[in-house]
Amino acid sequence: MKLKFNSLLALLLVASSTLSACASAPSGGKCDGGVCIDLELAEPIRVNEPVQVTITVETQEDVPGLKISLWFSDPDIVVDGESIWVVDAKANVPMQFSTTIRFPRGEGYYRVHAGAQDFVGQLLVQDVARVRMTALGGTLNPPSEGDTRTPPVLPIVPPALLTPSSPLPTPSFPVSTAAPTTSPLDRPTPPASASTPYPVHIVAGRQDLIIPIPEDGTWLTYTFPITSAPPGATVTAGVSARFLVAHPRPQDLIAEVIGPDGMTVYRVWDRQQPTPEDFDERGLVLSAYDITIFDGQPINGDWTLRIRDGRRGKTGTLLALSVAVGYLRPSASRTLPHRREHGRGLLAAQGSWQKITTQTFEGAFPSTGWTVNDLSEDGYERCWDDDDYRPHLGGWAAWPANGGADGIYPSPGNDNYPNNMNTRMIYGPFDLSDAVKADIYFWLWREIEAGYDYLAFEISHDGIAFQELARWSDDHTTWEYQYVNFDDYAGDDSVWVAWRFYSDYMITYDGPWVDDITIWKYVPGQVTVRGSLHYYDRDDSYVPAHYTSVYLYDADPSGGDDLLGTTTMDSNGYWEIGPLTNWDEDDPGLLDLYAVFETDVNDSTIARRRVTDFNDQAYRWLTQTYENVADETVEMWYYIPDDFISEPAMRIFQDLRRAWEYILNTTGTDPGPSTARWEKDQTTLLPCLNSSCCWPYPLVSGIFISDDDIDSPDIVIHELGHLYMYNVTGWWWWSDPESMLDCLEHHIHEQEDPLCAWSEGWADFHALAINGDPCFDWGLGPCGADGDPFLNLETPTWGTPGWDNGDEVEGRVAGALYDLFDPTNDGHDQTSFGFSPIWYIVRSMPHERSFAEFWDSWKA
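Note that the working numbering has the sequence shown beginning at 369, numbered continuously upward.
Here's what the structure looks like:
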């Protein structure tokens, strides 16, 4: 969803003084990257009462699409109004945004963040206000707030989305400067206005003259009064001027154009310029295109062209002159928003408009790639050719009846096309295999019998069968710019275009004149997307979500978003996809990218690791959508906010990876797949009643982690130990249902049956070995460090109070396995075998059903 600027909450303040280059922030806020932001909270601050928030922003330069956001360290803070605004910031003009928030709880430390992002999602600057809440109210910016480990972050977006963050440990990349990105809609334009995008409206004047150029050095002046542009229209697309002269020494001439203000002068030709190699005394065009010094001047007014001979002795004649003034109609603009010119990291290939060919008919015709033919079969041969009778900007243009054995050379009184014509002017083949857009522009003058005769623009895949794309059958006796799009032919490696003129058996006129043709194609660039995902572990450490699945999508307005690529994060939580072709087939333009992170990954060909809800859906986190991304590197740095509702799913997911990785690296064997079921506030998933459990059969098909147990990594790894035993033994059932039910109520220090003690003791040991301490903790641990219950399974000896004795006690089994495993010698424990031999016996035949059987296998 695109965010709209809320005029009620964003008040534009025009200040009498501005910040000098954003060197200091208003009221002591923060400045960075040419942007300053100041966040203020009104006091007093009370629990569950509205608190006025004011954000002041000022930029050093114009910043289109500046996004101002408000976000918080605690998701329970309530926003009563807007929290995101998007504006076009003007340089050195302060803007103010306001809303109200409420703190719902009475105790704790909170942080309120305000940040400014550019339109591609890059954080420019942020300011933070800290609040300590007690039952008596809030203290703004207290001396200490305890935990200050929250990293710099971008705004929290709606609940379905993730929180962007500053990148933490990631691979280092060379930093290089990106070339300005060319939008596929910021295309080159006609010669009279090459600096602006199509469509350009041209106001032109031409005068045919045969006037001697004064030999005494005085100016020969001609004024074009232009009145046809819309009122108030100004020059935005350049000016072109042309003088057609006959003179034996053109280097003696000086030619200028003067704007409507009467003061701005541009010299088109200077007497110091050398004589052109193709100089012909009968006529020379002195011209200049894309004159930009007149930009901003009114179009309507008197445009003056003047020429003089700067040296006596040779005389010449002014034959014709013309001026063309271009402007872009506001409603016709096809440009995309400005894009940042600098990117972090390596650049992908840039997309660009590429010129296929230009034909001005000023040289030999037909030239390479061009052909003409007569299709009329009327006994005459008349084809397209160039002629100097009615040119556009140069001295020549194409006319459909000038070529062939029976061609006509137009002249005053004899300039009509003949009857029964059917002739094509063809260019091709040319290659569009790498293009996603293609078009052509040319200039057209026409006087055609309406409804009967016509000029058609055609296109072909094979040069034989042509499809008509445009047709003209009317009069327009001034030169007019024409544009034809043929995007449907993009991707074809052989394309032909043609101008076909047809006339019937009666009534003829001057016909069509075609000049200054240019064919373009847009070849898209490439984009590489990279980023990372972090989360807060159980001890509030900010850590990478390594080995998590990443899905990169292109968002489409109509739905059905396109999956562009998948990957798995590395050990730093870093990921990269690309380079990709930066083009959106469903929504023409550049890609609109977002990423999805999911707790479902294949660690190996046999080990699929998942954390899902009770509907078997993996947990997913979405980034914001980066619209119309530039051809470079898009960066998506994100984290899961602390205490976010789905945060435990990531912690469990990382527990599963840690255990799988430990066994693989320690023993060289793969323990197989794992699926953990967890949902917020749920403590039962039958047959697991009010407790975590392993049930590798339908209903659970893996392990269930009760929401009461999410803070204990030992419980997660304990249940996973059961599942790994099932993976390698293939059994998980008791022949005696009563014993099975009794085992569901097992206690770590009490006697059970041998099978229950063995399976539970193995799972307890599995947790101790992987989590790296001898205590089984029902909380974070280790060994009760967090104040939660725990049992040290290594220290009990025969007769320890509160403990039953023997190998039918799971804690005794776990302790015995740990004594075989650990490197610490104590009492009768004088050995250290490590994990591998224990795991080898568990996974190898015969599959033991008691510690006694394990001991027999161990001794063997």
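Glycine is no exception: its CB is placed at the ideal position from the N, C-alpha and C atoms.
- Partner residues in the beta bridge of F869, as assigned by DSSP, are T791 and L823.
- Distances from the alpha-carbon of F592 to those of H829, D584 and D576 put D576 closest.
- If you draw a straight line from the Cα of L434 to the Cα of D1145, it comes to about 49 Å.
- Around the beta-carbon of Y870, 16 or more other beta-carbon atoms lie within 10 Å, marking it buried.
- Around the beta-carbon of A963, 16 or more other beta-carbon atoms lie within 10 Å, marking it buried.
- Cβ contact annotation for T949 (same chain, cutoff 7 Å, sequence separation greater than five): P892 and Q894, in chain order.
- Secondary structure note for Y849: it is in no alpha helix (DSSP H), and the uninterrupted beta strand (DSSP E) holding it is D843 to N853.
- For H1215, no alpha helix (DSSP H) run applies, since DSSP gives it neither H nor E.
- Y903: member of the beta strand (DSSP E) spanning Q894 to Y904, first to last residue.
- Between G606 and G678 a beta carbon distance of about 27 Å is seen, past the 8 Å cut, so the two are scored as non-contacting.
- In the DSSP assignment, H481 falls outside any alpha helix (DSSP H) and within the unbroken beta strand (DSSP E) covering G476 to Q485.
- Linking T672 to G775 through their CA atoms gives a straight-line distance of about 39 Å.
- Per DSSP, M1093 is not a residue of any beta strand (DSSP E); the alpha helix (DSSP H) it occupies stretches across P1081 to T1097.
- Setting aside the 5 residues that flank it on each side, E749 is surrounded in the same chain by D742, G772, A773 and D774, each with a C-beta closer than 7 Å to its C-beta; the list follows chain order.
- When rounded, the separation of the alpha-carbon atoms in A975 and I1206 is 21 Å.
- Nearest Cα to N460 within the set V425, A1228 and H829: V425.
- Looking at the DSSP output, Y994 sits in a beta bridge with L961.
- Separation of D620 and T632 (C-alpha to C-alpha, rounded to the nearest whole angstrom) is 23 Å.
- Between M1108 and the set W1063, R1025 and R1026, the nearest pair of CA atoms involves W1063.
- For secondary structure counted as the beta strand (DSSP E) over 3 or more consecutive residues, the segment 728-781 holds these complete runs in sequence order: 738-742, 751-755 and 765-771.
- Under the three-pair Cβ rule at 8 Å, the segment 1048-1064 does not count as touching the segment 1020-1028.
- When the alpha-carbon of W587 is set against those of D670, T685 and L508, the nearest one is in T685.
- One thing to note: W738 has its Cβ no nearer than 9 Å to the Cβ of W881.
- Collapsing the DSSP output to three states places R1180 in a helix.
- Spatial neighbours of F611 in its own chain (CB-CB distance under 6 Å, excluding positions within 5 residues in sequence) are listed in chain order as A623, L654, I675 and L689.
- Under the DSSP definition of a beta bridge, A986 partners with T980.
- Counting only residues of its own chain and dropping the five nearest sequence neighbours on each side, F662 has a CB closer than 7 Å to the CB of V603, V607, G627 and T632.
- By the criterion of at least three beta-carbon pairs nearer than 8 Å, the segment 923-939 is not in contact with the segment 834-853.
- Short of 6 Å from the beta carbon of Q727, and not among the five residues preceding or following it, lie these beta carbons of its own chain, in chain order: I885.
- Just measuring C-alpha positions, the residue of S939, M937, E944 and D955 sitting nearest G927 is D955.
- Distance from T725 to I887 at the Cβ level is roughly 5 Å; contact confirmed, criterion being Cβ atoms closer than 8 Å.
- Rounded to the nearest whole angstrom, the C-alpha separation of V636 and A609 is 7 Å.
- The three-state reading of DSSP puts A1125 in helix, counting H, G and I together.
- Just measuring C-alpha positions, the residue of P443, L961, G1070 and Y1094 sitting nearest W1130 is Y1094.
- Nearest neighbour of M463 by Cα position, chosen from V415, F440, L407 and L508, turns out to be L407.
- Between D430 and D400, the C-beta spacing is not below 9 Å.
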